[in-house]
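All residue numbers for the sequence shown refer to our numbering, where the first residue is -16 and numbers rise by one.
We treat Cβ as the ideally placed atom computed from N, Cα and C, and that holds for glycine.
Values in this document were obtained by computation on a predicted structure and should not be read as measured data.
Notes to accompany the following structure.
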Amino acid sequence: MPSSPFPDPRPAPELRASCLEPPRPEEVHVLLLGLDGLAAALAVRLLRCGVLGLNVNDGSPVTAADLGTGGFHPGDLGRPRDAALRRRLRALDPRCAPVSAPELFPGALLPGTVVVRSAAHPSPAEEGRWPDAPEPWTGLDPRHPLVSLHRAGTALLRWPTVPWAHRPCPDCVRATLGPGEPGTGEPGTGPGAVLAAWAAAAHAEAVAAELAVEVLAVALDSLSGPTATVPAVGHGHVPRAGGDRPRARLFVPPWPGAVAQLELDRSLCLCGLAQA
Ligand SMILES: [Zn+2]
């Protein structure tokens, strides 16, 4: 076996007695980068599903927009998101010892690892007004599967699952969103916009529940080995029937079921990682 430049610093958790036993959620390790209200709700959902290996990272303060999804309490306002979420996770399940240390995340040779990244992007109308987000996690194993979420306006873009090395850059996200996608422009003032604002927390919580299942499916894919088939409807990294390429999904509040499928556009990509 070739040596990895990303050795796993920790031993695998308690091994199954037999490889014939099904994998357990305790074998799943999730690294969360960016902890807005939706990502925090996703961490809570994963814990409730039995995932104890949670590495949560975002030192920015909890804002009012992060509340209501079940991840943070009003008393967390102004506290660092990662510290507040660690406390919440420990309170929900004493077996969970969450950390905020990407450098301690196991390498991708350990099955069951998933990276979740949640970031805000400028909407097409705001293009040019926001600097590109810095890339502080350059040391991650490029083979980790990545579930990436991109907020633009009130809408949320879920990029298909790709290896961390093929993560979309801001140009990929902007080009895929394009102008005029619902929810990505300036918020309106009609009843639909009011309902979307009222329901924002409920919408984020519902999307987080769906994403939790997808993260579990991605982890189970690697835990099950190459010969097993995990039901993969929707989690994006398996080509769709008929040979279609995976598409990004745009969740637009207020209705959790209102999802647009977008063709990926990496034609403007300057990161050199466009997938042929
Ligand atoms: Zn790109």
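*Identify, in the order they occur along the chain, each residue of the same chain with its Cβ nearer than 8 Å to the Cβ of Ala176, setting aside the five sequence neighbours on each side.*
Along the sequence shown, one-based indexing puts residue 176 at 193. If we look at Ala176 and ignore the five residues flanking it on each side, its Cβ neighbours are Pro170.
*Kindly say whether Leu14, judged by its beta-carbon, lies nearer than 8 Å to any beta-carbon of chain C.*
Structure shown: chain C not included; a single protein chain is present.
*Please go through the segment 148 to 194 and give each complete alpha helix (DSSP H) segment of 4 or more residues, from N-terminal end onward.*
153 to 160, 174 to 181
*How far does the alpha helix (DSSP H) with Ala135 in it reach, from first residue to last?*
Walking along the sequence shown from the start, residue 135 turns up at place 152. Note, Ala135: premise wrong, no alpha helix (DSSP H); beta strand (DSSP E) at 128 to 135.
*Do you know whose CA, among Leu68, Leu18, Pro146, Arg28, lies nearest Ala91's CA?*
Mapped onto the sequence shown, residue 91 falls at position 108. Ranking the options by Cα distance to Ala91, first place goes to Pro146.
*Report the rounded CA-to-CA distance for Cys79 versus Gln244, giving the unit in angstroms.*
In the sequence shown, residue 79 corresponds to position 96, counting from 1. In the sequence shown, residue 244 corresponds to position 261, counting from 1. C-alpha separation (whole angstroms): 36 Å.
_Are the CB atoms of Arg28 and Ala276 within a distance shorter than 8 Å?_
Nothing about residue 276 can be reported from this structure: the residues present for the chain run from -16 to 259 only.
_Where the beta strand (DSSP E) containing Gly36 begins and where it ends_ = Here residue 36 corresponds to residue number 53 of the sequence shown, with the count starting at 1. 36 to 40 is the extent of the beta strand (DSSP E) around Gly36.
_CB-CB length for Arg71 against Gly54, believed under 8 Å_ = Working through the sequence shown from its first residue, we reach residue 71 at position 88. Working through the sequence shown from its first residue, we reach residue 54 at position 71. With 8 Å as the limit, Arg71 and Gly54 qualify as a contact, their Cβ atoms being about 7 Å apart.
*Do Asp41 and Leu18 have their C-beta atoms within less than 8 Å of each other?*
In the sequence shown, residue 41 corresponds to position 58, counting from 1. In the sequence shown, residue 18 corresponds to position 35, counting from 1. Result yes, Cβ atoms of Asp41 and Leu18 sit closer than 8 Å.
_Buried or exposed for Leu123, going by 16 or more other Cβ atoms inside 10 Å?_
Taking the sequence shown and counting its residues from 1, one reaches residue 123 at position 140. Its Cβ being crowded by 16 or more others within 10 Å, Leu123 is buried.
*From which residue to which residue does the beta strand (DSSP E) around Ala102 run?*
Taking the sequence shown and counting its residues from 1, one reaches residue 102 at position 119. Taken as a continuous stretch (DSSP letters only), the beta strand (DSSP E) holding Ala102 covers 96 to 103.
*Pro237 - DSSP class collapsed to helix/strand/coil*: The count along the sequence shown starts at 1 and reaches residue 237 at position 254. Coil at Pro237, not helix or strand.
*Using only alpha-carbon positions, find the residue among Leu194, Asp204, Gly20, Leu247 that is nearest to Val156.*
In the sequence shown, counting from the first residue as 1, residue 156 sits at position 173. When each option's Cα is compared against that of Val156, the closest is Leu247.
*asked:* Taking 7 Å as the cut-off, is the C-beta of Pro151 nearer than that to any heavy atom in ligand 1?
replied: Along the sequence shown, read from residue 1 onward, the residue named residue 151 stands at position 168. Yes; taking the cut-off as 7 Å, the Cβ of Pro151 has a heavy atom of ligand 1 nearer than that.
*Could you give the C-beta distance for Thr167 and Leu160, rounded to a whole number, given that I count them as a contact under 8 Å?*
Here residue 167 corresponds to residue number 184 of the sequence shown, with the count starting at 1. Here residue 160 corresponds to residue number 177 of the sequence shown, with the count starting at 1. Indeed, because the Cβ distance is near 6 Å, the residues count as touching under 8 Å.
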